[in-house]
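Here is the structure we will look at.
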Amino acid sequence: MNIMKNREKKDKLITDGGVVESDNTISIIVTMICIVIILILVVLGALAIIKS
């Protein structure tokens with residue numbers, strides 16, 4: 000619950016600041032990389048559970 004509130008605050012700060020498009024694309028790329036890493040970790044964890 001708190002995490003979502005913090006996220007909204009961050010999003011508001013970003014929009015209020017009028018971030019340049021290049022910065023926005025960089026943040027999107029970073030987010031995508033984070034999601035990919037998390038997915039890989041989840042898959043590896045699932046495989047480890049299946050094998051054991």
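For the sequence shown, numbering that gives the first Met the number 0 assigns the number 0 to the initial residue and increments by one for each residue that follows.
Backbone N, C-alpha and C define an ideal beta-carbon position, used for all residues, glycine too.
Keep in mind that this is a model prediction, so the values were computed, not measured.
Under a three-way DSSP split, which group does residue 26 fall into?
In the three-state DSSP reduction, residue 26 falls in the helix class (H, G or I).
Cα separation between residue 27 and residue 34?
Here the C-alpha atom of residue 27 lies approximately 11 Å from the C-alpha atom of residue 34.
Nearest-angstrom Cα distance between residue 43 and residue 32?
When rounded, the distance between both Cα atoms is 17 Å.
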